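For the sequence shown, the numbering used here assigns the number 1 to the initial residue and increments by one for each residue that follows.
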Amino acid sequence: MISRPSSRTHRVYGESFSVANLDASSSETSPSLAIDVPSSRLSRPHNGITIGFQRSNAPPGSRRCLRWLAVFLDRSWTVRCHGRSSGDRRRGGAMKGYQMTADIREVATIGLVGWGRMGGMIGLHAVKGGWDVVAYDPSADACAAAEDAGATVVGGVAEVAASSDLVMLVVVDDEQVKQAIAGPGGVLETARPGTIVAICPSVRPDTCAEMAEVAAQQGVHVIDVALVGGERGAEAGALKLMCGGPAEIVDACLSAFSAFAIDVCHVGDIGAGQIAKTANNLLLWSCIRADYEALSLAKKLGVHPGKLRAFLNIGSGANRPLAEWGAQRLRWPKKDLEVALALAEEAGVDVPFIKSLAPLMAEMTADDLAALR
């Protein structure tokens, strides 16, 4: 059962909200579904199912989508799933050797390790959404900001884990993730069996897999939750999440995720969220470079880049970086492209375009983008 108050104003269903599950390996019939909706609410159809009514012929995957929809539209709604099918016996471990060793805790308290640009906005939206939030950051200023936002600030990662059902690591790199989970004073020193840890920074997929395996020995579940949307998305509470790990663990977090995200996609096993974000970022930097060269050429030939962008954004060359030209920060292409090239080398995949993109992005500056507005 999910029952949590929310002061957040949700957008009307159908604008951009979605939950996707890219695992199509199960074709069994889903159990019957029922969502109890206050009579004053408008019932809306989704995939042939009317919310608020029970159907026994719901297509596979609808159980998860309907559960998310009810949480998204109003977390005071109650979501019930009646019956079980073989499809509910999920697809097992998220990686080779990963065995579920504990029940999943119902998420009532969210722990945040890292109250920076991204973590701070995630925590703020969670507090505003009515969640109990426990936070830690090594920066005294960040801790003060967390306290001002309404979070309970504690003195370390272990203290966060001791009182949280979902611990979100919004740190910087692989080493910080490993230390936060398995290092001295880390999550595993105090986390109760069934606790969920979400790895949010851009790290190597094998780091996620390694931490999941270590944590599983203590009955702690680990998923990777790649954040897409940047600081603006976090500020608006409109992040998009690409998740890797067991589907039932991701399911257990959906209510909490709805406080700061509008789209969630479960893309596969542990580490898959990181791979999906790498692919996303490759397209982002590729578009930015292509846009830059196209606009530079047009400007040199006498066409105003601003006027041209207005037309290109309704033409076949439209892309999001072009529509948001000048708002991008060129802080991360080096890291993103290094990760992509390393993964490609390990996989034995030739990526000549990406190899050529890395030095081209390295030479670009924010002033280059501004000159083409």
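Heads up, the beta-carbon is just placed ideally off N, CA and C, and yes, glycines get one too.
If you're wondering where the values come from, they're calculated on a predicted model, not measured in any experiment.
Just the C-alpha distance for E231 and D103, rounded to the nearest angstrom, thanks.
For this step, residue 231 is matched to residue 231 along the sequence shown. For this step, residue 103 is matched to residue 103 along the sequence shown. Whole-angstrom Cα-Cα distance: 34 Å.
Helix, strand or coil for L357? Go by DSSP, reduced to three states.
Your numbering for residue 357 matches position 357 in the sequence shown. Helix at L357.
What's the C-alpha gap between G116 and V170?
On the sequence shown, position 116 is the one that residue 116 refers to. On the sequence shown, position 170 is the one that residue 170 refers to. In a straight line, the C-alpha of G116 is about 8 Å away from that of V170.
Among the candidates G111, E363, E324, D174, whose CA atom is the shortest distance from the CA of R331?
Locating residue 331 in the sequence shown gives position 331, counting from the first residue. The residue with the shortest Cα to Cα distance from R331 is E363.
Assign R89 to one of three DSSP states: helix, strand, or coil.
Taking the sequence shown and counting its residues from 1, one reaches residue 89 at position 89. Its pLDDT being 29, under 50, R89 is placed unreliably by the model, and the measurement read from it follows with that caveat. Here R89 sits in coil by DSSP.
Give the DSSP-derived three-state secondary structure of H304 in the structure shown.
The residue given as residue 304 occupies position 304 in the sequence shown. Reduced to three states, the DSSP call for H304 is coil.
Tell me the rounded alpha-carbon separation between A191 and D174.
As a position in the sequence shown, residue 191 is number 191, starting the count at 1. As a position in the sequence shown, residue 174 is number 174, starting the count at 1. Cα-Cα distance, rounded: 20 Å.
By the 10 Å Cβ neighbour count, where 16 or more other Cβ atoms means buried, how is L284 classified, buried or exposed?
Position 284 of the sequence shown, counted from the first residue, corresponds to residue 284. So L284 ends up on the buried side.
To the nearest angstrom, how far is it from the Cα of A140 to the Cα of A247?
Position 140 of the sequence shown, counted from the first residue, corresponds to residue 140. Position 247 of the sequence shown, counted from the first residue, corresponds to residue 247. A140 and A247: Cα-Cα distance of roughly 37 Å.
What number of angstroms, rounded off, separates the C-alpha of A344 from the C-alpha of A370?
Reading the sequence shown from its first residue, position 344 is the one you call residue 344. Reading the sequence shown from its first residue, position 370 is the one you call residue 370. Cα-Cα distance, rounded: 32 Å.
By the three-class DSSP mapping on this structure, what secondary structure does V154 have?
As a working note, residue 154 is residue 154 in the sequence shown. DSSP places V154 in coil when its eight states are reduced to three.
Every unbroken beta strand (DSSP E) inside the region 180 to 230 [3 residues or more]
196 to 199, 221 to 228
Cβ-based neighbour list, L357, same chain, cut-off 7 Å, excluding 5 preceding and 5 following
Along the sequence shown, one-based indexing puts residue 357 at 357. Once the five neighbours on either side are set aside, the close Cβ partners of L357 are W285, S286, R289, L337.
Helix, strand or coil: how does DSSP classify M364 here?
Position 364 of the sequence shown, counted from the start, is the residue given in the question as residue 364. Looking at M364 - three-state DSSP - the assignment turns out to be coil, as it is neither helix nor strand.
Inter-stretch contact (C-beta, 8 Å, three-pair minimum) for the region 251 to 260 and the region 272 to 284:
As far as the Cβ criterion goes, the region 251 to 260 does not touch the region 272 to 284, which means the pair count is below three.
DSSP-derived helix/strand/coil call for D251:
Position 251 of the sequence shown, counting from 1, holds the residue named residue 251. The answer is helix: DSSP assigns D251 an H, G or I state.
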